[in-house]
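Chains as they are written, first to last, in this note's numbering: chain A, 168 to 499; chain B, 168 to 499.
Each residue gets a CB set at the ideal place from its N, CA and C atoms; glycine is no exception.
This structure is a prediction, so every number in the text was calculated from the model and none was measured.
See below:
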C-alpha cells in the first residue's frame, strides 16, 4: 500500500471537518485554562499541542454529521472525548513509568507523578462538565459506561499483562478498555446527539469498537515490527515492560516446555537478559504469530468497514470506510 | 467540652439514618465489585472498610430527608459522594507518598501507584454512573463543577503549598478544593434531589461549604497539636511534607527576617534538620497562630450553624447543627 494513498482518508476527514475541528481546538484551549492553577495548562498544552492526530474527536464530528446533525453540541462531545483521551494518557504515564510519548518525554518526567495524576483528574472533570452541557442523559450514560470500561480494562491489564494464563479473550477485554471503549463511545455519542435511529447508533458503536480494536492490535504489533521514528516508541518496549500482547499470547499458546520457561522468566518473572528480545522475536517468527496478529488486525478493520453498511451513503461514510484501511496501513 | 457530649451529634445522625446508611453501604459494595478485575475490590475494600466516618454520604441523606425527600435516589447520591471521596484519597496517596491513612498503611504501599491511580479512576467512573441513574441534570451539573473544583484545588496545592507567598485567600481556595467542595456538593444535591426551593438549596450549600472549611482547618491545626493515635497521622507531617497550612501562613505573615529564612529553608527549599519542627512550633506559639487558627475554625463552624436557619425545623436540622460542634470538637 502506497503511503501517499493511505494517509489520504485521514487528511480527507480532517479537511472536510476543518471548520469544526478548529472550533473543537478552541474549546479545548478555553476549557483547559485554569484561573487558579497555571500548572494545568502547562501540563496539558504539552500533550494537547504535541501533534496528536485528533482521531477520536474527528470520529464524533464525522458520526454526528453523517447522521445529519446541525446543532452545536458535537463540538462539546468531540472536546469531551479528547479530554478523556488526554487524561488517560496522563494517568498511563504515571502507571507505565514510560519515558516517551509521541516522541517527546512524558509529562511525568518533565513534571512529576503528582501533576500527571491531578491534572488528569482535572481534565476528567472538565470533560464531565462539557458533556453535562449537552443536556443529554443518554450521552452521559454512554460516556459514564465508557469511563468505567476504560478504568476496568486498565486495572485488568495490571494483573493480566504479566500472567501467562492471559488468553486472547482477556486480551480483547483489555484492548476494549484501553482503546476501543473510547472509540465506540466517540462514534456512538455522535449518532445519539444527532437523534439517529437506534440501528444507526448501534452501527456507529460497532464501527468504533472494531476500529479501536484494529487500531490497538496494530499498535501492539508495531511494538515488535515498527521503527521508533514512526511510532514514537522503541521496538520491544512492551516486551521489556513485560506486557503480554497478542503476538506473545499466540506464541505462548503453542509453546514447547522450553519456550514456556523462556516466557515465564522474561514476562512473568521479569528476569530479562541481553538477547532476550531477539529470542522472543525468533520464537514468534517460528509460529508466524506476527503474521497471525496482522491478520487479526485486518479482520477487525474489515468488521469496522462492514458496520458502516447500515449508515447513510455520504462522502463522510466513504472517508470512515477508508479510515479502516488507514489504521492498519502502518502494518503493510 | 465533654467528649461524651460532642460525639453524640454524629452518632445521633448515624442512628436516625441507619436504615438508609445500610442501603448506601450495600450499594457501595455492589458497585465497587468488578467481574473482570478482582484487584479493584481488593484495593477499595481496604479503604471503604477502614472505618471512615461516612460523614459525606450522611450529609447527603440528611439534606434530602430534611427537605422531605421520599424517593430512592438520595441513596445513589450518598454512594456517589463516598466513591468520589474514596477516589480522591487513592489519588492523594500517590501524590503525597504518605505512608499512613486512617492509621493503616496507604493503598499505594500495600499495592502500588498503578493500582491507586487506576482504581481511583474506576471509582470516579462508578460514581459518574450512579449519578447519571438519578436522571437529574442539575445534580450532574453540581457534581461536575465540584469535581473540577476539587481537581483544581489539588493542583493549586502542588504549587501553592511550598510557596511562602501563599496567603490566607489562596489557602482558602485550596481548602475549598480539597475538602469543602465535596461537603457542599453533598448537602446541595440532597436538597436538589428533594426538589427543595432555591433558598433552601443555597442554605444547604452554604452549610456544607462552611462545615467543610471548619473541618479542614481543624485537620490542619491537629497536624500540629493532635496525637497520632487519635488522628491516624503523625504530628508535624504537614511540616515535614512542606505543606504550608494556616498555622504557618499566619506565622509567615508576621515573621522577622530571621524567621522568614527559617520558613524559606524548611518549607520552600525543604532542607530540614532535626529540631526544626520544635522551632516551628515555638515561632507559632510566639505569635499565637495555633490559637488564631482554632478561632478561624470555630468561626466557620458558626457560619455553618447560621446557614441552617433557612432550613425547616426538624430533629435532623438539630443534629446538623450539633455537627458543627462535632467537627471542631477535637480542638477543645
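Listed in chain order, the non-local C-beta contacts of residue 254/B below 6 Å within the same chain comprise 287, 290, 291, local neighbours out to five positions each way being set aside. From the listed residues 434/B, 462/B, 374/B, the smallest Cα separation to residue 476/B is found for 374/B.
Runs of the alpha helix (DSSP H) lying entirely within the segment 333-366 of chain A and spanning at least 4 residues, in chain order: 335-342, 348-360. Taking a C-beta distance under 7 Å as the contact criterion, residue 338/A and residue 450/A do not qualify as a contact pair.
Only exposed fits residue 185/B, as fewer than 16 other CB atoms lie within 10 angstroms of its CB. Spanning the alpha carbons of residue 296/A and residue 410/B requires a straight line of approximately 30 Å.
Boundaries of the alpha helix (DSSP H) around residue 287/B: 280-300. Comparing alpha-carbon positions, the option among 180/A, 200/A, 237/A, 235/A lying closest to residue 221/A turns out to be 180/A.
For residue 201/B, the three-state secondary structure derived from DSSP is coil. Any Cβ of chain B closer than 7 Å to the Cβ of residue 315/A would place that residue at the interface, and such an atom is present. Taking C-alpha positions only, residue 249/B is separated from residue 224/B by approximately 6 Å. Between residue 301/A and residue 240/A, the C-beta gap is smaller than 7 Å, which places the two residues in contact. Ranked by how close their Cα comes to the Cα of residue 464/A, the residues 480/A, 439/A, 474/A, 494/A have 494/A in first place.
Fewer than three pairs of CB atoms, one per stretch, sit closer than 8 Å, so the segment 359-370 of chain B makes no contact with the segment 434-445 of chain B. 299, 302, 304, 307, 308: these are the residues of the segment 299-310 of chain A whose beta carbon lies less than 7 Å from some beta carbon of chain B, given in chain order. Across the structure, residue 341/B and residue 335/B are spaced so that their CA atoms are roughly 10 Å apart.
A straight line joining the alpha-carbon of residue 383/B with that of residue 413/B spans about 10 Å.
By the rule that beta-carbons nearer than 7 Å mark a contact, residue 289/A touches chain B. In the same chain as residue 235/A, and ignoring 5 residues on each side of it, the C-beta atoms closer than 7 Å to its own belong to 361, in chain order.
Look at the segment 336-364 of chain A: the residues with a C-beta under 7 Å from a C-beta of chain B are 340.
Counting only Cβ-Cβ distances below 7 Å, residue 410/A has no contacts in chain B at all, with the closest Cβ about 13 Å away. Contact of residue 207/A with chain B is assigned, a C-beta pair being separated by under 7 Å. Nearest to residue 261/A by alpha-carbon distance, out of 472/B, 256/B, 280/B, 252/B, is 280/B. Ranked by Cα distance from residue 210/B, the options 306/B, 282/B, 177/B, 461/B are led by 282/B. Here the alpha carbon of residue 391/B sits roughly 8 Å from the alpha carbon of residue 448/B. A Cβ of chain A is located within less than 7 Å of the beta carbon of residue 295/B.
A direct Cα-to-Cα measurement between residue 420/B and residue 429/B gives close to 13 Å.
Contact between residue 319/A and residue 212/B fails: their C-beta atoms lie close to 16 Å from each other, not under 8 Å. Interface residue (Cβ-Cβ distance to chain A less than 7 Å): residue 381/B is not classified as such. A direct Cα-Cα distance of roughly 49 Å separates residue 355/B from residue 489/A. Contact of residue 319/B with chain A is assigned, a C-beta pair being separated by under 7 Å. Contact with chain B is absent for residue 248/A, since none of that chain's Cβ atoms lies less than 7 Å from the residue's Cβ.
With distances taken between CA atoms, residue 492/A lies nearest to 469/A out of 349/A, 484/A, 469/A, 348/A.
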